[in-house]
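A.B. asks:
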Amino acid sequence: MRNIILIGMSGSGKTTVGKSLSMKLGMEFLDTDIFIEKKEKLKIEDIFSLYGEEYFRRLESNTIDELYERENIIISTGGGMVLNNNIIKLRENGIIILLESSIDNIINNIKKSTTVRPLLNSQEDIYERVNNLYENRKEIYKSLADFTICVDNKSIDLIIYEISERCVKINS
3 MRNIILIGMS GSGKTTVGKS LSMKLGMEFL DTDIFIEKKE KLKIEDIFSL
53 YGEEYFRRLE SNTIDELYER ENIIISTGGG MVLNNNIIKL RENGIIILLE
103 SSIDNIINNI KKSTTVRPLL NSQEDIYERV NNLYENRKEI YKSLADFTIC
153 VDNKSIDLII YEISERCVKI NS
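And the structure:
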């Protein structure tokens, strides 16, 4: 099976879905933020605070260069990875799936999570911040996706089922 690349907003469930999907399909799972943290020996929030967003985006771009030829993996991308022009390389050996979620659901997930999200940790109202990021990225997400799965009000099992069914059709 081709690689499965999950894109979408921070808090849309890419990592949770990716881990469950990897168990269901017997594929390796890789979260690009964790990959970067291990390689840099720094947390994402520390990379942002020490070196800035531009440096982090270069690390994401390097990660794409390292991963695009690998096979049989599920890749959960950081929410802003779509801002890298070379993310399209991942399509060469994979299916890009947009996990779409409402702003309210994203905020709920972020509030329940222990993950620090540098671009969402400002003094600005969380709803306004998430909405602004989404509005700036939504057309990029949609243009890159081979297909979109809405995750709102769905169980993980249903989301996994929908992804699996769509991927089987694309791969056959």
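Offset between the sequence shown (1-based) and the working numbering: plus 2.
Just so you know, even glycine gets a beta-carbon here, dropped at the ideal spot from N, CA and C.
(1) Please state whether DSSP places L44 in a helix, a strand or coil.
(2) Could you check where the beta strand (DSSP E) with E78 kicks off and where it finishes?
(3) State the DSSP-derived secondary structure class of E102, mapped to helix, strand or coil.
(4) Taking the beta carbon of Y70 as the centre, do at least 16 other beta carbons fall within 10 Å, making it buried, or is it exposed?
(5) To which residues of the same chain is I128 closer than 6 Å at the C-beta, ignoring the five residues directly before and after it?
(6) Got a sec? Which residues, its chain only, sit under 7 Å from T65 by beta carbon, not counting five neighbours each side?
(7) Based on Cα-Cα distance, which residue from L85, R72, S157, K45 lies nearest to Y136?
(8) Could you round the C-beta distance between G13 and I112 to whole angstroms and report it? I think they count as a contact, below 8 Å.
(9) So what's N86 in DSSP terms, helix, strand or just coil?
(10) Please classify E30: does DSSP put it in a helix, a strand, or coil?
(11) Specify the secondary structure class of N155 as computed by DSSP and reduced to three states.
(12) Ends of the beta strand (DSSP E) at L8?
(13) Whole angstroms are fine: how far does the CA of R131 sit from the CA of I77?
(14) Is it buried or exposed for K16, if we count other Cβ within 10 angstroms and need 16 for buried?
(15) How many whole angstroms separate the CB atoms of V19 and L8, which I take to be in contact at a CB cut-off of 8 Å?
(16) Would you identify the three-state DSSP class for G96, choosing helix, strand or coil?
C.D. replies: The relevant details are as follows:
(1) If DSSP states are grouped into helix, strand and coil, L44 belongs with coil.
(2) Here residue 78 is Ser; the residue named in the question, Glu, does not match the sequence. Its beta strand (DSSP E) spans residues 75 to 78.
(3) The three-state secondary structure of E102, taken from DSSP, is strand.
(4) Y70 should be labelled buried.
(5) Counting only Cβ-Cβ distances below 6 Å, and skipping sequence neighbours, we find I109.
(6) These residues qualify, in order along the chain: T34, F37, I38.
(7) Of the candidates L85, R72, S157, K45, the one whose C-alpha sits nearest the C-alpha of Y136 is L85.
(8) That belief holds up - the Cβ atoms of G13 and I112 are roughly 4 Å apart, short of 8 Å.
(9) If DSSP states are grouped into helix, strand and coil, N86 belongs with coil.
(10) Per DSSP, reduced to three states, the secondary structure at E30 is strand.
(11) Under the three-state reduction of DSSP, N155 is assigned to coil, being neither helix nor strand.
(12) Per DSSP, L8 belongs to the beta strand (DSSP E) from 5 to 9.
(13) Roughly 25 Å between the two C-alpha positions.
(14) Buried, by the Cβ-count rule.
(15) About 6 Å; that satisfies the 8 Å criterion.
(16) Secondary structure of G96 (DSSP, three-state): strand.
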